[in-house]
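Just so we're aligned: 69 in the numbering used here is position 69 of the sequence shown, and the numbers increase by one with no gaps anywhere. To start, the structure under review is shown below, and the notes come after it.
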Amino acid sequence: MEHIDPAINSRFDTRSSRPCEFCREHDPKFRERRPLDQMVASSRKAIASAHLTEDGYVRHRMLELRQIAARAPLTAA
Ligand SMILES: [Zn+2]
Numbered sequence: 001m002e003h004i005d006p007a008i009n010s011r012f013d014t015r016s017s018r019p020c021e022f023c024r025e026h027d028p029k030f031r032e033r034r035p036l037d038q039m040v041a042s043s044r045k046a047i048a049s050a051h052l053t054e055d056g057y058v059r060h061r062m063l064e065l066r067q068i069a070a071r072a073p074l075t076a077a
């Protein structure tokens with residue numbers, strides 16, 4: 001019956017965080033992340049630097065970079 005990760009409760013106030021909308025929409029593996037890697041501070045926009053963890057930040061940046069790469073195919077040679 002123990003579903004709550006004590007690390008989440010002790011390190012962050014989960015009431016002041018929420019899942020990142022950007023990552024939830026663009027990352028097909030969003031639900032495979034650790035819970036903390038999904039979260040951004042609730043007072044912030046859904047941007048990379050709002051993520052609570054380093055891993056969440058990096059994954060958010062990778063999604064952004066992938067979008068930029070998709071918009072600008074490598075035509076210059
Ligand atoms: Zn994100």
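We treat Cβ as the ideally placed atom computed from N, Cα and C, and that holds for glycine.
Classify D55: buried if its beta carbon has 16 or more other beta carbons within 10 angstroms, exposed otherwise. Here residue 55 refers to the residue found at position 55 of the sequence shown. The residue in question, D55, is exposed, as its Cβ has fewer than 16 Cβ neighbours within 10 Å.
Here's a check: name, in chain order, each residue in its chain whose Cβ is nearer than 7 Å to the Cβ of A46, leaving out the five neighbours to either side. Position 46 of the sequence shown, counted from the first residue, corresponds to residue 46. Cβ neighbours of A46 beyond the five flanking positions: C20, E21, F22, V40.
Give a single yes or no on whether V58 has its beta carbon closer than 7 Å to a heavy atom of ligand 1. Here residue 58 refers to the residue found at position 58 when the sequence shown is read from its first residue. No, the Cβ of V58 stays beyond 7 Å of every heavy atom of ligand 1.
Return the CA-CA distance between F30 and L36, expressed in angstroms with no decimal places. Here residue 30 refers to the residue found at position 30 of the sequence shown. Here residue 36 refers to the residue found at position 36 of the sequence shown. About 11 Å.
Q67 to E25 span [Cα, whole Å]: Sequence index remark: in the sequence shown, residue 67 carries index 67 (1-based). Sequence index remark: in the sequence shown, residue 25 carries index 25 (1-based). Approximately 12 Å, taken between the alpha carbons.
Return yes when the Cβ of A48 is within less than 8 Å of the Cβ of H60, no when it is not. Here the question's residue 60 lines up with position 60 in the sequence shown. Here the question's residue 48 lines up with position 48 in the sequence shown. Yes, they are a contact pair.
Hey, would you say the C-beta of A41 is under 7 Å away from at least one heavy atom of ligand 1? Start at 1 with the first residue of the sequence shown, and residue 41 comes out as number 41. No - ligand 1 has no heavy atom lying nearer than 7 Å to the Cβ of A41.
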